[in-house]
Amino acid sequence: MKPNHLFKKLFAVSVAAGISISLLGCGSAPIKSVTFRGDNHHSGVYETKGVPKLNQLKWKFKAEHAVNSSPIVVDGTVYVGSHDGNVYAIDTASGQNKWTFKTASKVGASPTIFGEILYIGSDDGNLYALNTDSGAEVWRFATSGSIYSAATYYQGTLFTTSTDGHLYAINSESVTESWRFKSGGAIYSSPAFHHGMIYFGSHDGYLYAVDAGTGQEKWRFKTNGPIFSSPAVHGDSIYFGSEDGNLYAVNMKTGQEKWKVSALAAVSTSPAVTDTHVFFGSQDGKLYAVDSATGEVVWKYKTHDWVSSSPAVNDGLVYFASYDRHLYVLDIESGKRQWKFRTDGRIYSSPFIDNGTVYFGSFDNHLYAIE
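Take the position in the sequence shown, starting the count at 1, then add 5; the result is the number in the numbering used here.
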């Protein structure tokens, strides 16, 4: 298969790991690896100081259009995309812009960082590699569709999906295509990685398990609707939602259904998973907490509009947002609300928690930092 790429290669990194903080060999400095949902498993669990009590709006940063991209934070900088076509790097202390990179279309995808390189897709069809310090373009890789998903980085390979229906494996050093896998529909789901396998959903209604080394399909699982949800991996299970209104738990080795729980509308959010609970939102306006082993509903919390923002778990609390313009924080055991914060627009962006601050974007063109 001929590679499909366009690149301007100034330099690249070629060593990677599949966890949030990893070591580059004996005696080496730590290498930061941060992605959508916190890690390559998309657990949605953040081991950091959270915001158990609302103190204040720390700052808000104004973009030129909606901020639907989900931010990530590394070393005092928050990185996020916007529908204005820009990727922004913003100082976490002051809310001041450090740099801006312009793409040719909307940026709804969320960034991934490994080392000194940020990877992010755009509606223009390109996956961009940018220097985290300067925002300078390192290279770009062209697909035939739009990229709404976050890339996954492991051992020198980037895995990204596109609305052209393909999962791509890209060598980050040579910026060439290692392989591509064709699904039966557009792909919005961000690929999760675990033990040499890639898991993602497609608009064709299937969840796919693909060998990360060869691009060969291991199994596929059929739902009754398109899949926008990005799967989460925990234990021996894959958890994900479908537009058919169900959240599924599937055995990662066999692709067999373990259980499913039905909401009253589409489940496009990506679940957050702990040892005991799975949390997910639905277009029925509710956030659900279910038993991770059985799928039994433990509690549900009703908002006033769609819940398309994926939940984040931290220190006994779950953070999520709604199209009703609010960010909510609930106790994970009882579902009791601890606090909420109102913006001036619908919220699609998923919260990222870091060092006593929660970050998220809004349709009101702002990125918020709440402490």
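All residues carry an ideal CB built from backbone N, CA and C; glycine is no exception. Being a predicted model, the structure only gives us computed values, none of them experimental.
Along the chain, where does the beta strand (DSSP E) that runs through T181 open and close? The count along the sequence shown starts at 1 and reaches residue 181 at position 176. First-last of the beta strand (DSSP E) with T181: T181 to K187.
Take the Cβ of H309 as the centre, count every other Cβ of all protein chains shown within 10 Å, and call the residue buried at 16 or more, exposed below. Taking the sequence shown and counting its residues from 1, the one referred to as residue 309 is at position 304. Burial call: exposed.
Output the distance between the C-alpha atoms of F186 and A147, rounded to the nearest integer angstrom. In the sequence shown, counting from the first residue as 1, residue 186 sits at position 181. In the sequence shown, counting from the first residue as 1, residue 147 sits at position 142. When rounded, the distance between both Cα atoms is 15 angstroms.
Exposed or buried, what is E52 when buried is set at 16 or more other beta-carbons lying within 10 Å of its beta-carbon? Start at 1 with the first residue of the sequence shown, and residue 52 comes out as number 47. Its Cβ having fewer than 16 others within 10 Å, E52 is exposed.
Closest residue to S273 among N256, W264, G286 and N136 (Cα-Cα distance): Position 268 of the sequence shown, counting from 1, holds the residue named residue 273. Between S273 and the set N256, W264, G286 and N136, the nearest pair of CA atoms involves G286.
Per DSSP, the bridge partner or partners of L212: Translated into positions along the sequence shown, residue 212 becomes position 207. Beta bridge pairing from DSSP links L212 with G206 and F226.
Do G49 and P276 have their beta-carbon atoms positioned less than 8 angstroms apart in this structure? Working through the sequence shown from its first residue, we reach residue 276 at position 271. Working through the sequence shown from its first residue, we reach residue 49 at position 44. Yes.
How far does the beta strand (DSSP E) with D96 in it reach, from first residue to last? Start at 1 with the first residue of the sequence shown, and residue 96 comes out as number 91. D96 -> beta strand (DSSP E) spans N91 to D96.
Assign R42 to one of three DSSP states: helix, strand, or coil. Looking up residue 42 in the sequence shown gives position 37. If DSSP states are grouped into helix, strand and coil, R42 belongs with the helices.
Quickly, what does DSSP pair A277 with across the bridge? List them, please. If you number the sequence shown from 1, residue 277 lands on position 272. DSSP, once it has assigned bridges, lists F284 as partnering A277.
Can you tell me whether A174 is helix, strand or coil according to DSSP? Stepping through the sequence shown from its first residue, residue 174 is reached at position 169. If DSSP states are grouped into helix, strand and coil, A174 belongs with the strands.
Between which two residues does the beta strand (DSSP E) containing K103 stretch? Residue mapping note: residue 103 aligns to position 98 of the sequence shown, counting from 1. Note, K103: beta strand (DSSP E), N102 to K107.
Consult DSSP for R351 and reduce its assignment to one of helix, strand or coil. On the sequence shown, residue 351 is found 346 positions in, with the first residue counted as 1. Look at R351 here: in three-state DSSP terms it is coil, with no helix or strand label.
Taking only heavy atoms of the ligand MG into account, decide whether any of them is closer than 7 angstroms to the Cβ of E52. As far as ligands go, the structure on display features none, and thus does not contain the ligand MG.
May I have the straight-line CA-CA distance separating L269 from V143, to the nearest angstrom? Position 264 of the sequence shown, counting from 1, holds the residue named residue 269. Position 138 of the sequence shown, counting from 1, holds the residue named residue 143. Rounded to whole angstroms, the separation of the alpha carbons of V143 and L269 is 45 angstroms.
Could you pull out every residue in the same chain whose Cβ sits closer than 6 angstroms to the Cβ of N251, ignoring the five residues on either side in sequence? In the sequence shown, the residue the question calls residue 251 occupies position 246. K265 and S267, listed in sequence order.
To which residues of the same chain is G30 closer than 6 angstroms at the C-beta, ignoring the five residues directly before and after it? Along the sequence shown, read from residue 1 onward, the residue named residue 30 stands at position 25. Caution is warranted here: a pLDDT of 36 is assigned to G30, below 50, making its placement in the model unreliable, and no coordinate value can be reported.
Closer than 8 angstroms is the cut-off here; do at least three beta carbon pairs connect the segment 186–205 with the segment 165–175? Yes, since at least three Cβ pairs between the segment 186–205 and the segment 165–175 fall closer than 8 angstroms, the two stretches touch.
Looking at the structure shown, is N360 part of a helix, part of a strand, or coil, going by DSSP? The sequence position of residue 360 within the sequence shown is 355, counting from 1. N360 falls in the coil class under three-state DSSP.
For H1 and K258, I'd like the C-alpha separation in whole angstroms. Here the chain covers residues 6 to 376 and nothing more, so residue 1 does not appear.
Which partner residues does T308 have in the DSSP bridge list? One-based indexing of the sequence shown puts residue 308 at position 303. Listed as beta-bridge partners of T308 by DSSP are no residues whatsoever.
For Y193, which three-state DSSP category applies? Working through the sequence shown from its first residue, we reach residue 193 at position 188. Here Y193 sits in coil by DSSP.
Is N73 helix, strand or coil when you go by DSSP? Here residue 73 corresponds to residue number 68 of the sequence shown, with the count starting at 1. Secondary structure of N73 (DSSP, three-state): coil.
For H371, list the residues DSSP reports as bridge partners. Numbered from its first residue, the sequence shown carries residue 371 at position 366. DSSP output for H371 lists K67 as bridge partner(s).
Quick check on DSSP: helix, strand or coil for A298? Translated into the one-based positions of the sequence shown, residue 298 becomes position 293. If DSSP states are grouped into helix, strand and coil, A298 belongs with coil.
Pick out whichever of E262, N256 and D44 has its Cα sitting closest to the Cα of T228. Sequence index remark: in the sequence shown, residue 228 carries index 223 (1-based). The shortest C-alpha separation from T228 is found at E262.
Sort out for me which residues DSSP pairs D138 with in a bridge. Taking the first residue of the sequence shown as position 1, residue 138 is located at position 133. Checking the DSSP bridge columns, you'll see D138 has no partner listed.
Considering only the alpha carbon of each residue, which of S313, Y328, D336 and S327 lies closest to N294? Taking the sequence shown and counting its residues from 1, one reaches residue 294 at position 289. Here residue 294 turns out to be Ala, not Asn, going by the sequence shown. Checked all of S313, Y328, D336 and S327; the closest Cα to A294 is D336.
Just how far apart, CA to CA, sit A298 and T281? On the sequence shown, residue 298 is found 293 positions in, with the first residue counted as 1. On the sequence shown, residue 281 is found 276 positions in, with the first residue counted as 1. Cα to Cα, A298 sits roughly 7 angstroms from T281.
In whole angstroms, what separates the C-alpha of K305 from that of R145? Within the sequence shown, residue 305 is the residue found at index 300, counting from 1. Within the sequence shown, residue 145 is the residue found at index 140, counting from 1. If you take the alpha carbons of K305 and R145, they lie about 42 angstroms apart.
Starting from the Cα of G161, find the closest Cα among I152, S177, Y213 and A217 and give me that residue. What you label residue 161 is simply residue 156 of the sequence shown in a count that begins at 1. The shortest Cα separation from G161 among I152, S177, Y213 and A217 belongs to S177.
Mind checking whether N370 and A68 have CB atoms under 8 angstroms apart? As a first step, residue 370 must be located in the sequence shown, where it is residue number 365. As a first step, residue 68 must be located in the sequence shown, where it is residue number 63. For N370 and A68, yes; Cβs fall inside 8 angstroms.
Can you give me the Cβ contacts of K223 inside the same chain, cut-off strictly under 8 angstroms, excluding the 5 residues immediately before and after it? For the purposes of this step, residue 223 is taken as residue 218 along the sequence shown, with counting starting at 1. The residues are M202, A214, V215, D216 and G260.
Determine, using beta carbons only, whether L212 and F226 come nearer to each other than 8 angstroms. Locating residue 212 in the sequence shown gives position 207, where the first residue counts as 1. Locating residue 226 in the sequence shown gives position 221, where the first residue counts as 1. A Cβ-Cβ contact shorter than 8 angstroms links L212 with F226.
Would you report the Cα separation of S313 and I352, rounded to the nearest angstrom? Indexing the sequence shown from 1 puts residue 313 at position 308. Indexing the sequence shown from 1 puts residue 352 at position 347. Take the alpha-carbon of S313 and the one of I352: they are about 8 angstroms apart.
Using the three-state DSSP reduction, which class does F16 fall into: helix, strand or coil? Locating residue 16 in the sequence shown gives position 11, counting from the first residue. Legend: pLDDT at F16 = 28, less than 50; position of this residue unreliable, value from coordinates given subsequently. In this structure, F16 counts as coil in the three-state DSSP scheme.
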